[in-house]
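Engineer:
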Amino acid sequence: MLVAELVEKGSFEAIDALARAFPLEVVADLIGFTGEVRATMLRWGQAAMQVLGPTNQRTAENFPVAGELYAWCSQVTADDLAEGSVGRGIFDAEARGAIPPDTAGHIIHQYLGAGVDTTVAAIGNLVALFAHHPDQLALVRESPALVPAAFNEVLRFWAPVHAWGRRVTRDVTIEGSEIPAGAQVAILFGAGNRDPRHYENPDAFLVERNPVDHLSFGYGPHGCAGQGLARLEAHAVIEALSRRVGRLVVGPEVRVPGNTTRSIEELPVLEVIPA
Ligand code: HEM
Numbered sequence: 002m003l004v005a006e007l008v009e010k011g012s013f014e015a016i017d018a019l020a021r022a023f024p025l026e027v028v029a030d031l032i033g034f035t036g037e038v039r040a041t042m043l044r045w046g047q048a049a050m051q052v053l054g055p056t057n058q059r060t061a062e063n064f065p066v067a068g069e070l071y072a073w074c075s076q077v078t079a080d081d082l083a084e085g086s087v088g089r090g091i092f093d094a095e096a097r098g099a100i101p102p103d104t105a106g107h108i109i110h111q112y113l114g115a116g117v118d119t120t121v122a123a124i125g126n127l128v129a130l131f132a133h134h135p136d137q138l139a140l141v142r143e144s145p146a147l148v149p150a151a152f153n154e155v156l157r158f159w160a161p162v163h164a165w166g167r168r169v170t171r172d173v174t175i176e177g178s179e180i181p182a183g184a185q186v187a188i189l190f191g192a193g194n195r196d197p198r199h200y201e202n203p204d205a206f207l208v209e210r211n212p213v214d215h216l217s218f219g220y221g222p223h224g225c226a227g228q229g230l231a232r233l234e235a236h237a238v239i240e241a242l243s244r245r246v247g248r249l250v251v252g253p254e255v256r257v258p259g260n261t262t263r264s265i266e267e268l269p270v271l272e273v274i275p276a
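Heads up: the sequence shown begins at 2 in my numbering, then just goes up one per residue.
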């Protein structure tokens, strides 16, 4: 529906009108935000990601905003959230003892902190990638079953999260470098995703590749808890774009450095050439 309206308009700002608008609506409805809080979600979600990663000026500037999110989540009650929402469901679980007391607000904090900026980045990236590779969009149009594979390739090609931390549990040697037990390391997802020992022709964007083992959702027991939702959202956008759009003519994409997410800040779509 949203994509249909944008295609109809013929030109639009892809990050504001699609990459931000869609996940914000979805996550707001999921958690059950109503009223004013809906409008602060983007600011809060971005700040939650800026305070992770290296400590720098962005961290300092964003701590107060991330603190607003934390404070709100610490005092939110079931009544603040829409009936029938997943947020309400988390409070119901707390009330019946299925999760420990006083944890519902913190779970909601996790979902908001982790689920907004990452998905905005992924959807912005997919619009830009399909604008640059109309041949790959055409392949998805010809075979709609490629939609999940196409999203895996988007995530492999441009990891929305630069780096994530791990604590090393035992001494390890990787290609001659010793990493001692207890060290804190940053895993660079993008580097693994483009490893030529693992992916043939890694710098090519190919929707038929279906790299199910890309690292962009992390790995192991703490892999992304929201990846099912992220996939639902992105698949809907890819499916709608491939069905309606032959080619997107875009202006220059603006990127702004971020501490955790690698995302596009502005992406003008100047013309939509219909499918
Ligand atoms: C394309 C979008 C997304 C990307 C690229 C992404 C990426 C990640 C990454 C890299 C991690 C760390 C995994 C690890 O340590 O191995 C993570 C964790 C997490 N994500 Fe996502 N994420 C996305 C969307 C979402 C959404 C929509 C939600 C929820 C609504 C969400 C909720 C979480 C949570 C709760 C964790 C922490 C899991 C844990 O520590 O056990 N994410 N995500």
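Where is the CB? At the ideal position from N, CA and C, for every residue including glycine.
1. Taking Cβ positions, are Leu268 and Val208 nearer each other than 8 Å?
2. Three-state secondary structure (DSSP) at Gly259?
3. Which residues share a DSSP beta bridge with Ser178?
4. For Phe13, does the three-state DSSP call read helix, strand or coil?
5. Residues bridged to Trp165 by DSSP?
6. Cβ of Thr120 versus every heavy atom of the ligand HEM: is any distance shorter than 7 Å?
7. Is Gln47 near the ligand HEM, judged by its Cβ being under 7 Å from some heavy atom?
8. Taking only runs that begin and end inside the region 32-81, name each unbroken alpha helix (DSSP H) of 4 or more residues, in chain order.
9. Among Asp30, Glu69 and Leu189, which has the Cα closest to the Cα of His215?
10. To the nearest angstrom, how far is the alpha carbon of Leu19 from that of Phe206?
11. Where does Glu154 land, buried or exposed, given buried means 16+ other C-beta within 10 angstroms?
12. Taking the DSSP output, what are the residues bridged to Glu267?
13. Looking only at its own chain, which residues have a Cβ that is under 8 Å from the Cβ of Ala5, when we skip the five neighbours before and after it?
14. Using CA atoms only, rank isn't needed, just tell me which of Thr60, Leu130, Gly11 and Val87 is closest to Phe34.
15. Rounding to the nearest angstrom, what Cα-Cα distance links Pro65 and Tyr112 in this structure?
16. Answer with buried or exposed for Asp172, where buried requires no fewer than 16 other C-beta atoms within 10 angstroms of its C-beta.
17. Between Val128, Ala99 and Ala192, which lies nearest to Val238 when the distance is taken from Cα to Cα?
18. List the residues that DSSP assigns as beta-bridge partners of Pro275.
19. Could you check whether the Cβ of Cys225 sits closer than 7 Å to any heavy atom belonging to the ligand PLP?
20. For the ligand HEM, any of its heavy atoms closer than 7 Å to the Cβ of Pro212?
21. For the ligand HEM, is there any heavy atom lying closer than 7 Å to the beta carbon of Trp73?
22. Answer with buried or exposed for Gly183, where buried requires no fewer than 16 other C-beta atoms within 10 angstroms of its C-beta.
23. Could you tell me if the beta carbon of Phe218 falls within a distance shorter than 7 Å of some heavy atom in the ligand HEM?
24. In the DSSP assignment, the alpha helix (DSSP H) including Gly114 goes from what residue to what residue?
Structural biologist: In this structure, then:
1. Counted from its first residue, the sequence shown places residue 268 at position 267. Counted from its first residue, the sequence shown places residue 208 at position 207. Leu268 places its beta carbon 8 Å or farther from that of Val208.
2. Within the sequence shown, the letter at position 258 stands for residue 259. Three-state result, Gly259: coil.
3. Counting from 1 along the sequence shown, the entry for residue 178 is found at position 177. In DSSP, Ser178 forms a bridge with Ile175.
4. Here residue 13 is taken as the residue at index 12 of the sequence shown, counted from 1. Phe13: strand per DSSP, three-state reduction.
5. Here residue 165 refers to the residue found at position 164 of the sequence shown. Ile188, per the DSSP bridge assignment.
6. Here residue 120 corresponds to residue number 119 of the sequence shown, with the count starting at 1. Proximity of the beta carbon of Thr120 to the ligand HEM is indicated: a heavy atom of the ligand is located closer than 7 Å.
7. Translated into the one-based positions of the sequence shown, residue 47 becomes position 46. Result no, Cβ not under 7 Å from the ligand HEM.
8. 38-51 and 58-76
9. In the sequence shown, residue 215 corresponds to position 214, counting from 1. Just measuring C-alpha positions, the residue of Asp30, Glu69 and Leu189 sitting nearest His215 is Leu189.
10. As a working note, residue 19 is residue 18 in the sequence shown. As a working note, residue 206 is residue 205 in the sequence shown. Straight-line Cα distance between these residues: approximately 22 Å.
11. By one-based count along the sequence shown, residue 154 stands at place 153. Per the 10 Å Cβ criterion, buried.
12. Against the sequence shown, residue 267 aligns to sequence position 266. Glu267 is bridged to Val255.
13. Start at 1 with the first residue of the sequence shown, and residue 5 comes out as number 4. Excluding positions up to five away in sequence, the list reads Ala241 and Arg245.
14. Along the sequence shown, read from residue 1 onward, the residue named residue 34 stands at position 33. Taking only the C-alpha atoms, the option nearest Phe34 is Val87.
15. The sequence position of residue 65 within the sequence shown is 64, counting from 1. The sequence position of residue 112 within the sequence shown is 111, counting from 1. One C-alpha to the other measures close to 19 Å.
16. On the sequence shown, position 171 is the one that residue 172 refers to. Burial call: exposed.
17. Numbered from 1 along the sequence shown, position 237 holds the residue referred to as residue 238. Among Val128, Ala99 and Ala192, the Cα nearest to that of Val238 is on Val128.
18. Here residue 275 corresponds to residue number 274 of the sequence shown, with the count starting at 1. In the DSSP output, where bridge partners are listed per residue, Pro275 has Val246.
19. In the structure shown, the ligand PLP is absent; the only ligands present are the ligand HEM.
20. Taking the sequence shown and counting its residues from 1, one reaches residue 212 at position 211. Not so, every heavy atom of the ligand HEM lies at least 7 Å from the Cβ.
21. Against the sequence shown, residue 73 aligns to sequence position 72. The answer is no for Trp73.
22. The sequence position of residue 183 within the sequence shown is 182, counting from 1. It is exposed - the Cβ of Gly183 has fewer than 16 other Cβ atoms within 10 Å.
23. Along the sequence shown, read from residue 1 onward, the residue named residue 218 stands at position 217. Within the cutoff, so yes.
24. Locating residue 114 in the sequence shown gives position 113, where the first residue counts as 1. Here the alpha helix (DSSP H) through Gly114 covers Ala105 to Gly116.
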